[in-house]
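Be aware that the sequence shown starts at 206, since it is given in our numbering, and climbs by one per residue. Where is the CB? At the ideal position from N, CA and C, for every residue including glycine. See below for the structure under consideration.
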Amino acid sequence: MPHSNHAHAESIEPSTLAADKPRLHAVVSPADSAPIDYEGALRQLGGDQELLQLVLSVMKKECPEHVELARQALLSGDAPGLARIAHRLRGMSLNVHAKRAAAACANLEQVARDGLPGDFFAAFLPMERELALAVSWAETRTARG
Numbered sequence: 206m207p208h209s210n211h212a213h214a215e216s217i218e219p220s221t222l223a224a225d226k227p228r229l230h231a232v233v234s235p236a237d238s239a240p241i242d243y244e245g246a247l248r249q250l251g252g253d254q255e256l257l258q259l260v261l262s263v264m265k266k267e268c269p270e271h272v273e274l275a276r277q278a279l280l281s282g283d284a285p286g287l288a289r290i291a292h293r294l295r296g297m298s299l300n301v302h303a304k305r306a307a308a309a310c311a312n313l314e315q316v317a318r319d320g321l322p323g324d325f326f327a328a329f330l331p332m333e334r335e336l337a338l339a340v341s342w343a344e345t346r347t348a349r350g
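Shown next, in the form of structure tokens:
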């Protein structure tokens, strides 16, 4: 089995990654922004703060459940299931403008669609990390009201 560079994707420049492995989406650098763009999400919802708080609450509840489902699909080698769950997680991330999480979800979704089981784990870890950061950020934001 050929050596995979996916485990080191975080240290590779997105342009290098894209040229090396075009099937992967470039993941936004952690230094680029907060895990969730609250103002962007608020604009998307027409400035309705109550609705955004509801969306964040749903995300906080459902995201960890879906990450666990993704983990189960990963461990069982269920590529179609993993792609579907990553797609749902990407949608949740986009709803709250969690750009890094959405990019990591899109990456896992594409890797799963490409059916490369050897790459699943390397794509899962950044997604799991970015979603955990987004959920943690949402917890502090909704706690403040």
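Own chain, CB closer than 7 Å to residue i, minus 5 neighbours either side, in chain order
i: L261; result: V301, A343, R346, T347
i: G245; result: H302
i: L338; result: P240
i: P285; result: none
i: P269; result: V340
i: F325; result: L279, L287, V316, A317
i: L247; result: Q254, L257
i: S238; result: K304
Contact check, residue i vs residue j, beta carbons under 8 Å
i: L294; j: C310; result: yes
i: L274; j: A306; result: no
i: A290; j: A278; result: As written in the sequence, residue 290 is Ile, which differs from the Ala given in the question. Yes, the pair counts as a contact, with Cβ atoms nearer than the cut-off.
Close Cβ partners of residue i (< 8 Å) along its chain, the five nearest in sequence each way excluded
i: E267; result: M297
Residue nearest to residue i in terms of C-alpha spacing, selected from the options
i: R334; options: K304, P322, G251, G252; result: K304
i: F329; options: V272, D242, R248; result: V272
i: M264; options: M332, L299, N312; result: L299
Chain-order list of residues whose beta-carbon lies under 6 Å from that of residue i (same chain, five-residue window excluded)
i: G282; result: P322
i: E314; result: A288, A291, H292
i: L250; result: L256, L257
i: G252; result: none
i: D242; result: H302
i: M332; result: A309, C310, L313
- Query: Whole alpha helix (DSSP H) runs in the region 255–310 with 4 or more residues, listed along the chain?
  - Reply: 284–300
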